[in-house]
Amino acid sequence: MASVYKKFGVSNILGHEKCDSYLLFSGETSLGDGFRAFLYFVGLAYCFIGLSAITACFFRSMENIVKHSCRVVEIDPCTNAEIVRYEKVWNYAIADITLLAFGTSFPQISLATIDAIRNLGSLYAGGLGPGTLVGSAAFDLFPIHAVCVVVPKAGELKKISDIGVWLVELFWSFWAYVWLYIILEVWTPNVVTVWEALLTVLQFGLLLINAYAQDKRWPYLSLPLARSERPEDWVPEEAASCKDENNVYDGCSETLEVGEDGTGNIVDIFSIHSINGTGPVYEKVPGSEDVAESSNEIFDKEINLDTINVVALWKQQFVDALMLVNQESRKLNNLYLRLARLFWQSLLLPWRLLFAFVPPHHIAHGWIAFICSLIFISGIAYILTQLTDLISCVTALAAGTSWPDLVASKIAAERQITADSAIANITCSNSVNIYVGIGIPWLIDTAYNFIAYREPLTIKNAEGLSFSLLVFFCTSVGCIGVLVFRRLTLGAELGGPRIWAWVTSLYFMLLWVIFVVLSSLKVSGII
């Protein structure tokens with residue numbers, strides 16, 4: 001019975017077998033089971049705090065990536081004059097799928113891929129089972145929507161600006177689980193062939209093409225739906241201004257956008273200025289005539305200036321990480337609040353110091369910080385899997401690897417004017433988990449088995465998938481229906497009057513409880 005509970009993500013807390021596994025040292029096994037469970041749950045909570053902090057850093061680096069522009073020169077056919085304009089490098093729909101959703105799902109993808117490589121040569125698949133993936137999808141859909149709907153300020157409304165793109169993403173999200181049912185229950189029950197694995201991965205490419213076609217309104221490949229105007233910036237400048245962020249470090253700077261300043265001079269992409277400073281500090285890139293005269297001298301000067309700025313920023317990250325008392329703490333009049341804040345800052349100190357090693361997100365348009373953040377996220381997710389294995393709670397694993405999804409959607413709901421990215425991250429994460437998260441591990445194992453043994457890959461824990469999917473789809477209809485109802489009545493999916501936002505949030509959480517309870521009852525044989 002214990003293994004049955006574990007398969008569907010129900011904690012195996014009723015078992016009496018002694019656990020011989022340990023996290024750090026063998027002496028853990030001599031502790032009582034209750035005390036060990038308490039310590040592991042405390043470790044889980046602390047890892048969730050760290051995961052929240054590094055996900056915020058991940059989101060800031062993504063902001064820098066998405067706002068990057070390229071210089072486009074066109075010739076006016078009438079005057080033969082050069083027309084210089086700046087275009088965004090990233091399409092927002094593609095950025096939401098490939099950077100945001102793929103990035104927040106990276107822990108699940110990386111852990112599953114590593115497990116597949118370790119599993120090479122076995123005819124049975126390892127890693128997360130289909131039932132756990134459906135449970136992870138339910139967590140993404142219900143609790144994350146529940147959080148995002150109450151994030152906007154009271155009375156503030158945030159709506160999806162492009163319904164067409166959302167419908168495309170929603171279709172591919174649900175189709176992913178229909179596809180999972182087809183290959184595991186209809187075509188080749190409990191078996192995955194190399195061609196099925198390949199088709200699974202290729203569908204991620206179809207999702208990208210379909211979303212881009214809808215965003216660009218390609219004829220015959222897009223839905224004829226109008227869209228409201230989406231802000232030019234992925235995160236508006238006023239929202240991107242630095243706030244006191246206790247989870248990583250208190251100080252922050254911004255990279256000046258590629259473009260032209262008020263005098264018409266081109267500004268260097270690596271120029272850095274302080275938001276709270278008296279004015280921007282940057283080097284103006286001279287025109288072509290000046291460059292021809294002294295290009296080497298200017299190039300060396302700019303490199304030196306950029307190096308100094310980056311080193312100063314990186315150093316400041318460590319200084320801020322070690323600072324336990326900031327301006328907000330000094331403003332608190334209540335001694336107990338000051339002590340509570342000091343205790344919280346002390347608790348965060350190890351995470352802040354660790355994440356200070358992530359390079360400033362101003363370097364290389366944020367790509368280095370983006371990659372480093374993903375590495376840290378995967379590392380913490382790995383520790384989470386070890387902890388959840390020790391307490392035999394696969395449900396916490398699904399929530400743990402989905403925690404970056406929750407934090408990223410929450411930040412997007414806070415900082416963006418529209419609800420596009422916050423909701424797209426929810427729906428697209430579910431797609432990414434299937435097409436890439438299990439598609440690539442399956443492709444690795446099935447390709448090896450096909451070459452070595454001419455045998456397919458057997459899925460040991462696919463039983464009960466049809467019931468789990470049935471419950472998931474039924475509760476999903478209730479979730480999507482409420483989002484549509486809010487759009488028709490309030491004019492937006494997120495925010496609105498505080499009372500209705502909380503009612504919606506509680507309703508979404510109720511749907512998640514229904515899913516968990518029904519799945520648990522099915523596993524226990526009660527229904």
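For the sequence shown, my numbering begins at 1 and goes up steadily by one. C-beta atoms are modelled at their ideal positions from N, C-alpha and C, and glycine is treated no differently. Note that the structure is predicted; figures quoted are calculated from it, not measured.
Alpha carbon to alpha carbon, how far is residue i from residue j?
i    : j    : result
S122 : D445 : 8 Å
N333 : S173 : 50 Å
Y507 : V72  : 49 Å
L124 : T200 : With the sequence shown as reference, residue 124 is identified as Tyr, and Leu is not the correct amino acid for it. Using only the alpha carbons, I get a separation of about 18 Å.
D405 : C372 : 17 Å
L99  : H68  : 14 Å
Y181 : V432 : 16 Å
V311 : N64  : 18 Å
S520 : Q203 : 31 Å
I459 : K158 : 42 Å
A116 : Y336 : 51 Å
K216 : K522 : 45 Å
K153 : D420 : 17 Å
V151 : L120 : 44 Å
L465 : L490 : 37 Å
F361 : P143 : Reading the sequence as shown, one finds His at residue 361 and not Phe. Their Cα atoms are separated by approximately 30 Å.
F171 : S476 : 12 Å
W472 : A176 : It is Phe, not Trp, that sits at residue 472 in the sequence shown. So the two alpha carbons sit approximately 13 Å from each other.
L324 : G496 : 36 Å
I426 : C78  : 48 Å
L23  : F370 : 29 Å
W314 : A364 : 14 Å
R230 : S222 : 18 Å
G135 : S161 : 29 Å
Y40  : R352 : 22 Å
I534 : I377 : Residue 534 lies beyond the range of the chain shown here (1 to 527); nothing can be said about it.
I514 : L184 : 25 Å
L443 : N430 : 19 Å
W195 : E455 : 12 Å
C474 : L518 : 12 Å
I526 : P359 : 53 Å
R415 : I163 : 20 Å
C479 : S468 : 16 Å
I383 : E74  : 52 Å
W187 : L206 : 21 Å
C70  : Q214 : 23 Å
How is residue i classed by DSSP in three states: helix, strand or coil?
i    : result
K67  : coil
R85  : strand
G495 : strand
E74  : strand
L157 : strand
K6   : At K6, the pLDDT of 36 sits below 50, so the modelled position is not reliable and the matter cannot be decided from this model.
V192 : strand
Y453 : coil
T418 : coil
Y220 : coil
T79  : coil
P404 : helix
I266 : Any reading at I266 needs caution, since the residue's pLDDT is 32, under 50, leaving its predicted position unreliable; the model's value is listed next. Three-state DSSP puts I266 in a strand.
Hey, residue i and residue j are a contact pair by Cβ (cut 8 Å); roughly how many whole angstroms apart?
i    : j    : result
A138 : W512 : 6 Å
G366 : S105 : Incorrect: roughly 19 Å between the Cβ atoms, too far for contact.
L494 : A412 : L494 to A412, Cβ: 10 Å. No contact.
I375 : L51  : Not quite, the Cβ-Cβ distance comes to about 13 Å (not below 8 Å), so this is no contact.
F58  : G103 : 6 Å
G43  : L347 : Contact doesn't hold; Cβ gap of about 13 Å is too wide.
F355 : I54  : 6 Å
G148 : S402 : Per the sequence presented here, residue 148 reads as Cys, with Gly not at that position. Incorrect: roughly 14 Å between the Cβ atoms, too far for contact.
V191 : A93  : Not a contact, Cβ separation roughly 35 Å.
Below 8 Å, how does it come out for the region 430 to 438 and the region 78 to 91: are there three or more Cβ pairs, yes or no?
no
Three or more beta-carbon pairs under 8 Å between the region 210 to 228 and the region 447 to 454, yes or no?
no
For the region 339 to 349 against the region 33 to 41, do three or more pairs of beta-carbon atoms, one drawn from each stretch, fall closer than 8 Å, so that the two count as touching?
no
At 4 residues or longer, what runs of the alpha helix (DSSP H) sit wholly inside the region 307 to 380?
327 to 331, 335 to 355
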